[in-house]
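Chemist:
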Amino acid sequence: MNYPQPSYMPKKVDYFFWPNVMMKEKGFDSTILTWRLPGTKKEETVDGVKVKRFTNTAKLLLTLRIQNPELVHSHTFGWMPGVLSSAFCKRSVFAPNVYTLETSKQFLKTRIFFTKMFNRIITLTEFERQNIISHGFDPKRVNVITDGIDYDFMSHPYGGEKIRKKYGDNIVISIANYGPRKNLDKLIRSIALVKKRVKDVKLLIIGRDAHGGYKPVLEETARKAGVEKSVHFLDWLKHEDVINYLDAADVFALPSKIEGQCIAACEAAAAGVPLVLSDIGPLYELYQKFALFSKPDDLNKLAKNITTALTNEKVRKTLIKKGKVEMKKYDISKVQKRQYKVYAEVLKE
Numbered sequence: 267m268n269y270p271q272p273s274y275m276p277k278k279v280d281y282f283f284w285p286n287v288m289m290k291e292k293g294f295d296s297t298i299l300t301w302r303l304p305g306t307k308k309e310e311t312v313d314g315v316k317v318k319r320f321t322n323t324a325k326l327l328l329t330l331r332i333q334n335p336e337l338v339h340s341h342t343f344g345w346m347p348g349v350l351s352s353a354f355c356k357r358s359v360f361a362p363n364v365y366t367l368e369t370s371k372q373f374l375k376t377r378i379f380f381t382k383m384f385n386r387i388i389t390l391t392e393f394e395r396q397n398i399i400s401h402g403f404d405p406k407r408v409n410v411i412t413d414g415i416d417y418d419f420m421s422h423p424y425g426g427e428k429i430r431k432k433y434g435d436n437i438v439i440s441i442a443n444y445g446p447r448k449n450l451d452k453l454i455r456s457i458a459l460v461k462k463r464v465k466d467v468k469l470l471i472i473g474r475d476a477h478g479g480y481k482p483v484l485e486e487t488a489r490k491a492g493v494e495k496s497v498h499f500l501d502w503l504k505h506e507d508v509i510n511y512l513d514a515a516d517v518f519a520l521p522s523k524i525e526g527q528c529i530a531a532c533e534a535a536a537a538g539v540p541l542v543l544s545d546i547g548p549l550y551e552l553y554q555k556f557a558l559f560s561k562p563d564d565l566n567k568l569a570k571n572i573t574t575a576l577t578n579e580k581v582r583k584t585l586i587k588k589g590k591v592e593m594k595k596y597d598i599s600k601v602q603k604r605q606y607k608v609y610a611e612v613l614k615e
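Numbering follows the working numbering, with no gaps: position 62 of the sequence shown is 328.
1. Determine which residues share a DSSP beta bridge with residue 301 and list them.
2. Measuring only the C-alpha atoms, how far is residue 355 from residue 570?
3. Pick from 396, 405, 350 and 393: whose alpha carbon is nearest that of residue 379?
4. By Cβ distance below 7 Å, which residues in the same chain neighbour residue 295 in space, the five residues on each side in sequence not counted?
5. Beta strand (DSSP E) containing residue 505: first to last residue?
6. If you drop the 5 nearest sequence neighbours on each side, which residues of the same chain put their C-beta closer than 6 Å to that of residue 498?
7. Quick check: the stretch 520-537 against the stretch 414-432, are at least 3 beta-carbon pairs closer than 8 Å?
8. Give the secondary structure of residue 384 by DSSP, where H, G and I count as helix, E and B as strand, and everything else as coil.
9. Can you give, in chain order, each stretch of the beta strand (DSSP E) that sits fully within the stretch 522-570 and has at least 3 residues?
10. Closest to residue 336 by C-alpha separation, out of 352, 319, 344 and 357, would be which residue?
11. Select from 510, 515, 400 and 460 the residue whose C-alpha is nearest the C-alpha of residue 492.
12. Identify every residue that forms a DSSP beta bridge with residue 486.
13. Which residue from 450, 389 and 577 puts its Cα closest to that of residue 523?
14. Go ahead and pull the three-state DSSP assignment for residue 309.
15. Threshold first: 4 residues or longer. Then list the alpha helix (DSSP H) segments lying entirely within the stretch 392-468, N to C.
16. What residues in its chain sit with their C-beta under 6 Å from that of residue 317, if we drop five residues either side in the sequence?
17. Do you know whose CA, among 395, 414 and 517, lies nearest residue 435's CA?
18. Anyone know if the C-beta pair for residue 410 and residue 386 falls short of 8 Å?
19. Tell me the start and end of each unbroken beta strand (DSSP E) in the stretch 313-366 that is at least 3 residues and wholly inside, in chain order.
20. Rounded C-beta distance between residue 326 and residue 347? I'm assuming under 8 Å.
21. On the CB-based measure, 16 or more other CB atoms within 10 Å of its CB, does residue 390 come out buried or exposed?
22. In the DSSP output, which residue or residues are listed as bridge partners for residue 591?
23. How would you label residue 599, buried or exposed, when you count the other beta carbons within 10 angstroms and need 16 or more for buried?
24. Rounded to whole angstroms, how far is the Cβ of residue 364 from the Cβ of residue 478, which I believe are closer than 8 Å?
25. The beta strand (DSSP E) spanning residue 519 covers which residue range?
26. Alpha carbons only, please: which of 376, 611, 609 and 602 is nearest the one belonging to residue 284?
27. Is the beta carbon of residue 388 sitting closer than 8 Å to the one on residue 608?
28. Considering residue 497, what are the terminal residues of the beta strand (DSSP E) in which it resides?
29. Buried or exposed: where does residue 334 fall if 16 or more other Cβ atoms within 10 Å of its Cβ makes it buried?
30. Just tell me which of 544, 352, 322 and 368 has its CA closest to the CA of residue 560.
Shown next as structure tokens:
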């Protein structure tokens, strides 16, 4: 349940979509029930998977009850129909995809009540798992399974020459929605400090103005910091185009205040780009062996880490080598096996 169509992710690694394909390959009849967005069809088949869209929560849940599936996998703690689905089916698995449950404060007690009805909870990190357990969940029913990447594709980046021809060397890239949680204003301000050592540094930000009206705020931040000519907003790009920018990038930087797994950091590491991140729980847990960290509000440390990742060849080589090795664990084929094991266990209950 909950498939944002059209999705910006390739279907092979789209965590809303690939579980349905996997279950069809295992012999199950798989259907996606989701919210209907403007411009989307009420019903269609996407890559062999049925998709039914609704504009009414009651109709969606009634359809779920009538279909009475053997297993439901629902996504996103912030999407109430997904949370409520646990009360309308036999067996269910839930992936909250949150930093902490407190992130979605509206109707928090109600969300937690229905979330406890799921047979299994899948979290992206141990940090997220411990937060959920702290709300009274049975530890045995909470599993850690990260999202997956297409390692073969991401570990062979290409097309960077045309990007470097346009922007030059010393490229810092950040892939994130434009919004307060990503802390991009801090990243932009740090570039002014980095320029004291690396005068030709450029920051390329790939993202969407998901909150509406936040991009102008970031553009103004760049102007006030005197780096408007060094900061470039590329908006959202197709996944097959992002690989070109990762091929050209010298550093991937994201000082988020709140983050789950940050799949963009996984893909950057697989592509051989050194990571500069904030030291919040999930990010430090996942990337501690091959990233440089600073606290989200430490502007000087952030700038120092970016400068180090750009100029210290020994550090760069270490981060790149360890990152590419560690990211093999996140290949989508391995993630699918771990997730199917959870499905199989639930189906036996």
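C-beta: ideal position from N, C-alpha, C; glycine also. On a predicted model such as this, the values are computed, not experimentally measured, just so you know.
Modeler: Looking at the atomic coordinates:
1. In the sequence shown, residue 301 corresponds to position 35, counting from 1. Partner(s): 320.
2. For this step, residue 355 is matched to residue 89 along the sequence shown. For this step, residue 570 is matched to residue 304 along the sequence shown. Roughly 52 Å between the two C-alpha positions.
3. Position 113 of the sequence shown, counted from the start, is the residue given in the question as residue 379. Selected option, being the one with the closest Cα: 350.
4. Here residue 295 refers to the residue found at position 29 when the sequence shown is read from its first residue. Excluding residues within five positions, none has a Cβ falling inside 7 Å.
5. Position 239 of the sequence shown holds residue 505. No beta strand (DSSP E) holds residue 505; the alpha helix (DSSP H) holding it covers 505-514.
6. Taking the sequence shown and counting its residues from 1, the one referred to as residue 498 is at position 232. Answer for residue 498: 470, listed in chain order.
7. yes
8. Within the sequence shown, residue 384 is the residue found at index 118, counting from 1. Note: residue 384 maps to coil in three-state DSSP.
9. 541-544 and 557-560
10. Within the sequence shown, the letter at position 70 stands for residue 336. For residue 336, the nearest C-alpha among the options comes from 357.
11. Locating residue 492 in the sequence shown gives position 226, counting from the first residue. When only C-alpha atoms are compared, the closest one is 460.
12. Numbered from its first residue, the sequence shown carries residue 486 at position 220. DSSP, once it has assigned bridges, lists no residue as partnering residue 486.
13. The residue you call residue 523 lines up with position 257 of the sequence shown. When each option's Cα is compared against that of residue 523, the closest is 450.
14. If you number the sequence shown from 1, residue 309 lands on position 43. Correct three-state label for residue 309: strand.
15. 392-399, 417-420, 426-433 and 450-460
16. Start at 1 with the first residue of the sequence shown, and residue 317 comes out as number 51. Answer for residue 317: 298 and 310, listed in chain order.
17. Within the sequence shown, the letter at position 169 stands for residue 435. The shortest C-alpha separation from residue 435 is found at 517.
18. Here residue 410 corresponds to residue number 144 of the sequence shown, with the count starting at 1. Here residue 386 corresponds to residue number 120 of the sequence shown, with the count starting at 1. Their beta carbons are not under 8 Å apart, which means residue 410 does not touch residue 386 by this criterion.
19. 315-320, 338-341 and 358-361
20. Within the sequence shown, numbered from 1, the residue matching residue 326 stands at position 60. Within the sequence shown, numbered from 1, the residue matching residue 347 stands at position 81. Right, the Cβ-Cβ distance comes to about 5 Å (below 8 Å), so this counts as a contact.
21. In the sequence shown, counting from the first residue as 1, residue 390 sits at position 124. Counting Cβ neighbours within 10 Å, residue 390 comes out buried, since at least 16 surround it.
22. In the sequence shown, residue 591 corresponds to position 325, counting from 1. Residue 591 pairs with nothing; no bridge assigned.
23. For the purposes of this step, residue 599 is taken as residue 333 along the sequence shown, with counting starting at 1. The residue in question, residue 599, is exposed, as its Cβ has fewer than 16 Cβ neighbours within 10 Å.
24. For this step, residue 364 is matched to residue 98 along the sequence shown. For this step, residue 478 is matched to residue 212 along the sequence shown. Not really, about 21 Å apart at Cβ, beyond 8 Å.
25. Here residue 519 refers to the residue found at position 253 of the sequence shown. First-last of the beta strand (DSSP E) with residue 519: 517-520.
26. On the sequence shown, position 18 is the one that residue 284 refers to. Residue 602 is the option with its Cα nearest to residue 284.
27. Looking up residue 388 in the sequence shown gives position 122. Looking up residue 608 in the sequence shown gives position 342. In contact: residue 388 and residue 608 (Cβ atoms closer than 8 Å).
28. On the sequence shown, position 231 is the one that residue 497 refers to. It spans 497-501 - the beta strand (DSSP E) in which residue 497 sits, taken as one unbroken run.
29. Residue numbering aside, residue 334 sits at position 68 when the sequence shown is read from its first letter. Answer is exposed; the Cβ neighbour count stays below 16.
30. Indexing the sequence shown from 1 puts residue 560 at position 294. Out of 544, 352, 322 and 368, 544 has the C-alpha closest to the C-alpha of residue 560.
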